[in-house]
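In short: position in the sequence shown from 1, add 3, done, that's the numbering used here. Cβ coordinates follow ideal geometry from the N, Cα and C atoms, glycine included.
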Amino acid sequence: MCKQSGLGGADRIFSVSPETLEEFNLPAINFWKRCLGNESRINDCASVRYIPCNREQEISLIQCTKLLPDLTIDMESLVSNIYIQTLPLFYLSCALEERCVEYNGSGKVNWWERRYLLRFSTVIRNIGLKEFLPAWKSDRWEWHQCHQHYHSMSNFAEYEIYHFENRSNRTTIRGFDYKIASSHKASFCLEDSMCKANLQPNFKCSESRNAKGTQGLSPGCSDAYMHDIDCQWIDITKLINNGTIRSNDVYVLRVVVNPSGILVGEEDYLNNGISCKLYINSLKPYVNQCHFVHPTIIW
Numbered sequence: 004m005c006k007q008s009g010l011g012g013a014d015r016i017f018s019v020s021p022e023t024l025e026e027f028n029l030p031a032i033n034f035w036k037r038c039l040g041n042e043s044r045i046n047d048c049a050s051v052r053y054i055p056c057n058r059e060q061e062i063s064l065i066q067c068t069k070l071l072p073d074l075t076i077d078m079e080s081l082v083s084n085i086y087i088q089t090l091p092l093f094y095l096s097c098a099l100e101e102r103c104v105e106y107n108g109s110g111k112v113n114w115w116e117r118r119y120l121l122r123f124s125t126v127i128r129n130i131g132l133k134e135f136l137p138a139w140k141s142d143r144w145e146w147h148q149c150h151q152h153y154h155s156m157s158n159f160a161e162y163e164i165y166h167f168e169n170r171s172n173r174t175t176i177r178g179f180d181y182k183i184a185s186s187h188k189a190s191f192c193l194e195d196s197m198c199k200a201n202l203q204p205n206f207k208c209s210e211s212r213n214a215k216g217t218q219g220l221s222p223g224c225s226d227a228y229m230h231d232i233d234c235q236w237i238d239i240t241k242l243i244n245n246g247t248i249r250s251n252d253v254y255v256l257r258v259v260v261n262p263s264g265i266l267v268g269e270e271d272y273l274n275n276g277i278s279c280k281l282y283i284n285s286l287k288p289y290v291n292q293c294h295f296v297h298p299t300i301i302w
């Protein structure tokens with residue numbers, strides 16, 4: 004809509020009532036389309052027969068802007084820092100609290116139960132022209148006592164494993180029914196970890212509950228979630244224990260940042276995800292054929 008109107012790109016999407024639309028004399032357009040975000044016109048989007056609407060009394064209002072952030076993932080950091088680590092739950096109490104470990108035990112926790120964690124690094128760069136700001140305002144940030152940080156977005160990144168051979172002919176998420184493991188990353192300490200030469204970091208998190216600090220990602224800067232920090236993994240314990248992982252099989256490792264897209268708009272969504280073929284042989288993983296994908300695309 005914004006591009007077609009010559010107003011740049013979509014920054015934020017709000018829900019308003021039909022009465023609000025009439026009050027401000029705003030135009031309304033109805034269409035059944037599924038867009039990736041890189042289209043120049045609505046007609047370039049794929050047509051769909053029906054999209055369910057659970058809130059028929061609300062209308063989406065799009066805020067357009069000429070300048071937008073553009074997040075992408077550093078592929079080299081991901082490829083060069085991937086391995087499997089085994090740890091007992093005793094060392095994963097914070098991760099268990101933040102649901103980064105797929106533990107379905109009931110009753111007393113067996114803290115010496117060993118978990119298999121597929122670890123990797125996720126370095127996120129803002130190559131756009133505007134800072135990337137969290138979807139939540141600071142008064143909604145959630146304090147997590149165990150890790151001593153604030154979360155400013157509920158789902159900043161998604162990590163998933165699919166069985167490559169069993170995937171359907173369609174490559175969209177809706178047509179891909181073989182996700183065998185997943186994890187997520189709430190945005191904690193979303194800050195300027197590294198910046199290009201001559202650029203100064205503008206966002207710095209606080210580890211104090213009383214001082215929230217600032218969260219965001221400036222143009223030309225990166226936020227690094229390295230392989231050795233908590234929750235920077237996919238828990239594959241269930242796959243190892245039940246024999247799902249086989250040395251001759253091929254899998255898809257998929258990493259996506261800002262997966263929803265509609266909460267924080269970007270200039271380009273085609274570089275928000277990376278998909279790689281994943282092989283695991285004797286608990287030694289390696290990846291190849293890595294490429295960028297849209298958040299709605301698996302491979």
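Leaving out five residues before and five after residue i in sequence, what residues of the same chain have Cβ atoms less than 7 Å from its Cβ?
i	result
V260	L74, I76, I127, F159, A160 and N275
M78	I277 and C293
Got a sec? Which residues, its chain only, sit under 8 Å from residue i by beta carbon, not counting five neighbours each side?
i	result
T217	E194, N205, F206, K207 and C208
Q7	S43, R44 and I45
K182	E163, I164 and Y165
R122	N84, I85, Y86, I87, Q88, H230, D231, Q235 and W236
Tell whether a beta-carbon distance below 8 Å holds between residue i and residue j.
i	j	result
L281	V255	yes
L71	D14	yes
T68	G131	no
S141	K241	no
N129	P222	yes
V290	V104	no
E134	G264	no
Y106	L92	yes
Who are the near neighbours of residue i in its chain, counting only those whose CB is closer than 6 Å to its CB and skipping five residues on each side?
i	result
L273	N41 and H297
A49	R37
F167	V253, Y254 and V255
S39	The question names Ser, but residue 39 in the sequence shown is Leu. Cβ within range, chain order: H297.
L266	A138
L136	G219
V1	This structure leaves residue 1 out entirely; the chain is present only between 4 and 302.
Residue i by DSSP, collapsed to three states: which one?
i	result
D142	helix
W10	Going by the sequence as given, residue 10 is Leu instead of Trp. Reduced to three states, the DSSP call for L10 is coil.
D238	strand
Y94	helix
I87	strand
E163	strand
L193	coil
N46	helix
E311	Residue numbering for the chain in the displayed model covers 4 to 302; residue 311 lies beyond these limits and cannot be assessed.
L39	coil
N244	helix
L121	strand
E79	helix
E210	strand
L71	coil
The segment 229–240 / the segment 82–89 touching (three or more Cβ pairs under 8 Å): yes
Entirely within the segment 246–294 and at least 3 residues each: give me those beta strand (DSSP E) ranges in chain order. 254–260 and 276–284
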